[in-house]
Every structure is written in C-alpha cells, then in structure tokens.
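Please read the structure below before turning to the comments.
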Amino acid sequence: MVDQAKVEELKKIAHQVRCDVIWALAHAQSGHPGGSLSATDFGVALYFYALRHNPKDCGWPDRDRVVFSKGHISPLIFSLLAESGYIEREELRTFRKFGSRLQGHPNVECPGIEVGTGSLGQGLSVAVGMALGLRMGGKKNRVYCIMGDGENQEGSTWEAIMSAGHYKLDNLCVVLDNNGLQIDGWVEDVMGLQPLAEKWCAFRWHVIEIDGHDMVQCMQAFDAAKAVKGQPTVIIAKTVKGKGVSFMENRAEWHGKAPKPDEARKALQELACPAEYFDF
Amino acid sequence: MSEMKTKATRDGYGDALVEMGAQDERIVVLGADLTDSTRAIWFAQKYPDRFFDFGIAEQNMLNAAAGLSLVGKIPWVSTYGVFVAGRAWDQIRTTTCYSNLNVKIGGAHGGISVGPDGATHQALEDVAAMRILPNMTVIVPADYYETRKAVIWACKHVGPVYVRFGREPVPIVTKPEDPFIMGKANLINDGSDVTIINNGPVLWEAMKAVQVLREKGISARLLNIHTVKPIDREAIAKAARETGAIVTVEEHQVMGGFGSAVAEAVVQTHPVLMRFIGIQDRFGESGTPEELFEEFGLTARHIVAAVEDVLKAKKALENS
Numbered sequence: 002m003v004d005q006a007k008v009e010e011l012k013k014i015a016h017q018v019r020c021d022v023i024w025a026l027a028h029a030q031s032g033h034p035g036g037s038l039s040a041t042d043f044g045v046a047l048y049f050y051a052l053r054h055n056p057k058d059c060g061w062p063d064r065d066r067v068v069f070s071k072g073h074i075s076p077l078i079f080s081l082l083a084e085s086g087y088i089e090r091e092e093l094r095t096f097r098k099f100g101s102r103l104q105g106h107p108n109v110e111c112p113g114i115e116v117g118t119g120s121l122g123q124g125l126s127v128a129v130g131m132a133l134g135l136r137m138g139g140k141k142n143r144v145y146c147i148m149g150d151g152e153n154q155e156g157s158t159w160e161a162i163m164s165a166g167h168y169k170l171d172n173l174c175v176v177l178d179n180n181g182l183q184i185d186g187w188v189e190d191v192m193g194l195q196p197l198a199e200k201w202c203a204f205r206w207h208v209i210e211i212d213g214h215d216m217v218q219c220m221q222a223f224d225a226a227k228a229v230k231g232q233p234t235v236i237i238a239k240t241v242k243g244k245g246v247s248f249m250e251n252r253a254e255w256h257g258k259a260p261k262p263d264e265a266r267k268a269l270q271e272l273a274c275p276a277e278y279f280d281f
Numbered sequence: 400m401s402e403m404k405t406k407a408t409r410d411g412y413g414d415a416l417v418e419m420g421a422q423d424e425r426i427v428v429l430g431a432d433l434t435d436s437t438r439a440i441w442f443a444q445k446y447p448d449r450f451f452d453f454g455i456a457e458q459n460m461l462n463a464a465a466g467l468s469l470v471g472k473i474p475w476v477s478t479y480g481v482f483v484a485g486r487a488w489d490q491i492r493t494t495t496c497y498s499n500l501n502v503k504i505g506g507a508h509g510g511i512s513v514g515p516d517g518a519t520h521q522a523l524e525d526v527a528a529m530r531i532l533p534n535m536t537v538i539v540p541a542d543y544y545e546t547r548k549a550v551i552w553a554c555k556h557v558g559p560v561y562v563r564f565g566r567e568p569v570p571i572v573t574k575p576e577d578p579f580i581m582g583k584a585n586l587i588n589d590g591s592d593v594t595i596i597n598n599g600p601v602l603w604e605a606m607k608a609v610q611v612l613r614e615k616g617i618s619a620r621l622l623n624i625h626t627v628k629p630i631d632r633e634a635i636a637k638a639a640r641e642t643g644a645i646v647t648v649e650e651h652q653v654m655g656g657f658g659s660a661v662a663e664a665v666v667q668t669h670p671v672l673m674r675f676i677g678i679q680d681r682f683g684e685s686g687t688p689e690e691l692f693e694e695f696g697l698t699a700r701h702i703v704a705a706v707e708d709v710l711k712a713k714k715a716l717e718n719s
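Chains A and B supply the protein sequences, listed in that same order.
56 is the number that this note's numbering gives to position 55 of the first sequence; each next residue is one higher, with no gaps.
662 is the number that this note's numbering gives to position 263 of the second sequence; each next residue is one higher, with no gaps.
Next up, the structure:
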C-alpha cells in the first residue's frame with residue numbers, strides 16, 4: 002500500500018528540487034541540467050523515502066551510503082543535500098565558484114558526499130567495496146549507486162557489475178538513469194547498449210524497470226529492492242533528459258550547458274517556482 | 400659480501416600482510432588473479448574471510464578497495480605494478496587520491512629484474528605515475544626486511560600508499576632491528592667525493608660500486624632512500640653540499656622516477672652535477688635479471704662509470 006500523503010509530499014519536494022537545480026545553474030552559469038532533471042524524481046524518492054540517513058550527522062555509522070557515479074549531476078546532488086538539510090539552500094549560490102564546497106563535480110568537502118566522483122565508470126566499483134565491507138561486519142546498511150546509462154559504455158562499469166553479481170551483494174541497489182541521451186547524441190546511436198536489462202540480468206542482477214518520473218513506481222522499486230535476497234538490484238528508470246523544462250526535454254545539447262539568465266527565468270516560470278528564485 | 404643471504408622483496412610483502420592481519424582485523428587483501436606471485440596468497444590462506452579475488456579486472460579492484468576503506472577497512476590491493484599504476488591510474492587518481500582514502504597498493508614485479516616475462520610485465524614507469532599524484536606516499540624498499548617494515552608502516556598510516564617490490568631474490572642488506580622511518584634516507588656508507596643515492600633492490604649493485612670506487616681511491620657516500628615521496632630533501636641537500644656530485648640509481652625509467660625526484664630536490668637546494676643510472680627511455684625485454692642488468696646498464700660497473708664521468712665533468716667545470 003502506498004501512502005498517498007507521502008507521494009504528494011515527495012512530488013512537492015521534487016518540484017522544489019527542480020527549482021533549486023535551475024537556480025544553482027543560473028547563478029553558476031555552467032553545469033549539467035539535463036541529467037539533473039531526469040534523475041530528480043527517483044533522487045527525491047531515495048533521499049526522502051528509501052534512505053536511512055541523518056543530515057545532522059554525516060558520519061552516523063548506521064547510515065546507508067550513496068555514491069553518485071554520475072558526478073556531473075552535481076546541481077541535483079547539491080539540491081538534494083540542501084533540501085535534506087546537509088547544507089543551507091543559500092550555499093547553492095556558490096555552486097562551481099572559486100572557494101566553494103560545491104565543486105563542479107562533488108567532492109568530500111561537501112557534507113553528505115561519501116566520495117568524490119566525476120570520472121565515469123568509477124562509482125559502482127566504490128559502491129561494491131562499500132557493500133562488501135558493510136556485509137563483512139554484518140551491518141544492515143544499504144548502499145545506493147546512481148548511474149547514467151551512458152557510463153554503461155565504460156568497461157570498468159561491467160567489471161563492477163560482474164563483481165557485485167559474483168559476490169551476491171543484496172545490500173547494493175543501483176538506480177540507472179535511463180534517459181537515453183549522452184553528449185554526442187542518443188545512446189543507441191553513439192554506442193548502443195540495448196538490451197540493457199538483459200545484460201544486467203545476465204550478470205546475475207535482479208532487474209526492476211520503472212517509469213523514473215512516476216513517484217509511486219520509484220517508491221515501490223526501492224521497497225522491492227530491499228526485499229531481494231542473494232543478488233544486487235538495478236532499478237532501470239526510464240526517464241526524460243531535461244524533464245520539466247520544455248525546451249530542455251530530450252535534447253542532448255542540454256547535457257552540460259547552463260541556461261542563460263533569460264532561459265533560466267523561462268525555465269523557472271514553466272516550473273512555477275517561487276519569486277525568490279528569480280534573483281539573478 | 401658475496402656470501403650474503405638473499406630473499407625476494409615480495410616475500411617481505413606477503414609476510415608483513417600475514418603479521419599485520421593478525422594484529423588488525425580491519426586489514427583486508429584484494430587480488431586480481433595474481434595471488435600467488437604477489438604473495439598475497441599467504442594472507443588469503445590464513446584469513447580467507449578477509450581476502451577478495453576480483454579476477455582480471457584491476458580498475459574495479461582499485462575502486463572496490465576505495466569503497467572498503469570508506470567503511471573502515473584497510474585494503475591492500477595486490478597485483479603487478481604495470482597493471483595497477485598503469486591500467487587503474489585514473490581510479491587511483493580520481494577516487495583514492497582525490498578523496499584521500501586509506502587505500503594501500505602493493506605493486507609487484509617492479510623493475511627489469513622480472514626477467515623472462517619481458518617488457519609487458521616489467522613495471523618501469525609505476526614510480527613516476529604514482530609520485531605525481533597528490534596525497535600519495537611512494538615507497539620502494541631495498542630488501543626483504545625493508546619491504547616488511549614499509550608494509551607494517553603503511554598499515555598504520557592513514558592515507559594512500561604505493562609500495563613497490565620485486566620478484567627475484569635479492570641480497571638482504573639491512574637488519575631486522577634497523578629502524579624504518581618513512582621519508583628518511585639511510586646512510587649506508589660515508590664518503591666525501593661523490594654521493595650515490597640508491598632506490599630499491601638494486602642497492603646491492605650500488606654497494607659493490609662503492610667498494611670498487613674505494614679501491615680506485617674515490618670516497619663515495621652511499622645513501623639509500625626508500626621513500627620516493629615525500630623525498631628526504633635535507634639528506635639530499637647535505638649530500639650535494641658536502642660531496643658536490645650525485646649519481647642516482649633506480650630500477651625504473653630515469654625520466655620522472657626517483658632520479659628526477661632527487662634532481663628536483665638538488666636544483667632547489669644546492670645544485671650540483673648529476674648522473675642517472677636507470678632505464679634510459681626504453682622498454683624492457685626477456686632475459687635473466689643478470690643479462691638485463693648488464694644490457695640496461697644497472698650493474699656496479701655502470702655505476703662506477705657514471706661516478707667517474709660525473710667527477711670528470713665536475714673537475715672540468717671547476718677548471719673552466
């Protein structure tokens with residue numbers, strides 16, 4: 002049974018996070034909107050529904066771990082951390098600026114970041130090591146890894162997938178942001194990955210396919226993953242790159258380009274963000 | 400001296416892991432299908448629950464080690480130097496070093512003395528590739544005991560460490576009771592005309608060279624430096640000041656490796672003429688270690704020739 006009130010709460014937070022993402026990018030005038038917006042809904046479901054964490058105590062030993070293998074979605078990552086209370090929302094103004102804890106790609110200077118990421122194809126291996134280590138101690142913590150679909154082109158990703166299946170890491174859950182686009186164009190045109198679900202399955206993973214913008218499906222997928230025993234789970238979330246901003250949706254050029262001030266205002270208007278977001 | 404006992408530095412690695420494994424339950428060891436030849440197998444047999452084979456997939460192994468360190472383990476990654484410092488370099492750089500994680504790397508089969516396996520398996524660039532990384536400590540021990548002590552030190556140090564060791568038995572030139580101080584040079588022989596600064600198991604050749612030079616009336620100081628980074632600038636500057644000429648010795652490319660690290664210290668403290676014994680911008684090849692040391696210019700004879708050459712140049716400079 003899905004708690005309808007919770008669903009509505011998460012949708013509200015997701016809306017707020019999308020506003021934060023555009024706002025941070027507008028101030029930075031550089032960064033990655035496309036993948037940030039495609040990963041927003043399941044990102045919110047993770048941080049505000051599935052995850053065991055304490056934003057006031059980043060070192061809490063019983064916390065679940067999150068590794069953002071797609072480190073370039075830092076606008077989303079820092080917005081999630083801000084809405085969760087790891088950092089103040091005001092700090093998003095400093096994103097990508099000199100001296101900021103909010104670097105272009107996240108690092109351990111920012112509270113809530115477990116490990117610096119940005120070089121694709123590396124995060125899942127870190128998550129594998131965490132899951133292995135936590136299981137050794139009989140700990141109940143879960144490990145989540147957020148990946149892009151494009152980074153399935155990295156050979157090291159498949160090394161990691163193979164090892165998680167081999168070691169039966171049922172405390173590990175990947176969310177794969179399957180927006181289908183990468184910088185050079187459609188993933189299937191650049192270097193085709195389909196059938197993706199069958200590939201992960203063949204490497205001994207439990208595969209759950211969802212609409213990554215359907216909050217109920219996101220919540221149910223995280224619940225289902227927790228119940229899987231003897232193998233890791235990948236949630237393949239079908240998403241739309243740039244989701245929520247009409248002129249960014251499904252367009253590869255919005256992978257790593259920040260909206261100019263007038264474009265950002267248009268995006269915030271479309272999203273119906275509060276007046277205080279228009280301060281640039 | 401020719402009667403000296405020999406033992407491979409990789410054995411020092413394997414023994415130290417077993418010893419430390421008993422003392423600290425956080426220590427885990429990772430292998431990539433080279434568990435026997437890296438001597439990680441000794442740990443694996445004793446503590447099977449704390450050993451993980453990652454198969455022939457080094458990039459994943461390195462970052463899995465990073466993940467293990469993030470949940471409180473002290474992971475030792477064990478494979479050949481070429482496959483770790485080369486193949487997994489980006490993982491070491493961007494994950495372990497950037498986040499300053501407590502990952503320990505055992506780089507086996509360092510140097511040309513790997514022998515018959517040839518160029519693909521002889522790590523000749525690993526020291527350079529590791530020492531340019533921020534937060535990384537790089538240690539190349541000279542013999543069995545020094546390797547053992549370096550590994551024990553690294554287990555207690557918090558932060559990334561690369562320890563490089565070799566395949567072949569080499570003379571044991573240090574004593575179990577000799578202190579191991581990270582970052583500090585050891586004076587093996589005092590001298591006043593020139594300083595030979597050695598790094599790694601080739602130390603034995605440098606010791607023989609000192610004897611030959613003594614017979615020729617040349618007083619050579621011999622320093623052994625196991626820690627390539629951070630380097631002992633003080634000892635190097637003192638040697639430059641007091642002896643006025645330096646020859647470095649390493650089983651590695653002379654470009655970017657230990658000799659370069661010494662040169663960086665020399666030119667910033669007390670510039671003197673130098674010569675570099677090591678691999679001169681070539682790939683290795685198959686052969687016995689003895690044949691290869693001869694071919695690649697790493698024997699005592701080559702060190703003596705380099706010393707004579709630098710002293711000649713120094714004299715010419717003084718007279719010019």
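Cβ coordinates follow ideal geometry from the N, Cα and C atoms, glycine included.
Do residue j and residue i come within 8 Å of each other at the CB atom, strictly closer than that value?
i      : j      : result
B:I596 : B:I624 : yes
A:P34  : A:A259 : yes
A:G86  : A:R97  : no
B:L622 : B:I587 : yes
A:G130 : B:A463 : yes
B:R425 : B:I473 : yes
B:A421 : B:T434 : no
B:P540 : B:V502 : no
A:I162 : A:F223 : no
Between which two residues does the alpha helix (DSSP H) containing residue i stretch?
i      : result
B:F442 : I440 to K445
B:G506 : No alpha helix (DSSP H) holds B:G506; the beta strand (DSSP E) holding it covers K503 to A507.
B:K637 : R632 to T642
B:E693 : P688 to E694
B:I511 : First-last for B:I511: undefined, no H or E at that position.
B:K555 : Y543 to K555
A:A165 : G156 to H167
B:L602 : L602 to E614
Would you mind reading off the limits of the beta strand (DSSP E) that contains residue i?
i      : result
A:S80  : No beta strand (DSSP E) holds A:S80; the alpha helix (DSSP H) holding it covers S75 to S85.
A:G149 : V144 to G149
A:E210 : H207 to D212
A:R66  : R66 to F69
B:R674 : L672 to I678
A:Y50  : Note, A:Y50: premise wrong, no beta strand (DSSP E); not H, not E.
So is residue i in contact with chain B if we call contact Cβ pairs under 8 Å?
i      : result
A:Q123 : yes
A:S157 : yes
A:N55  : no
A:G105 : no
A:G117 : yes
A:S75  : no
A:S85  : no
A:S80  : no
A:S31  : no
List, in chain order, every chain A residue whose beta-carbon is nearer than 7 Å to that of residue i.
i      : result
B:L467 : G130, L133 and G134
B:K548 : What B:K548 touches in chain A: nothing, since even the nearest Cβ is about 27 Å away.
B:K472 : G134
Taking Cβ positions only, does residue i come closer than 8 Å to chain A?
i      : result
B:M400 : Since pLDDT at B:M400 reaches only 46, below the 50 mark, its modelled position is unreliable, and the value read off the structure follows with that caveat. For B:M400, the answer is no, since every Cβ of chain A falls outside 8 Å of its Cβ.
B:V476 : no
B:L416 : no
B:N459 : yes
B:K445 : no
B:A634 : no
B:M419 : no
B:R409 : no
B:F453 : yes
Could you work out which residues of chain A lie near residue i, taking near to mean beta carbons separated by less than 8 Å?
i      : result
B:A463 : S126, V127, V129, G130, L133, A161 and S164
Are the C-beta of residue i and some C-beta of chain C separated by less than 8 Å?
i      : result
A:V175 : Structure shown: chain C not included; protein chains present are A and B.
For a contact defined as C-beta to C-beta under 7 Å, what are the partners of residue i on chain B?
i      : result
A:V109 : S498
A:S120 : D489 and T493
Starting from the N-terminal side, write out each stretch of the alpha helix (DSSP H) that is 4 residues or longer and does not extend beyond the segment 444-505 of chain B.
-> Counting whole runs of 4 or more residues, the segment 444-505 of chain B contains the alpha helix (DSSP H) stretches 457-469.
Quick one: which unbroken alpha helix (DSSP H) runs of 4-plus residues sit fully inside the segment 209-271 of chain A? Chain order, please.
-> 216-228 and 262-271
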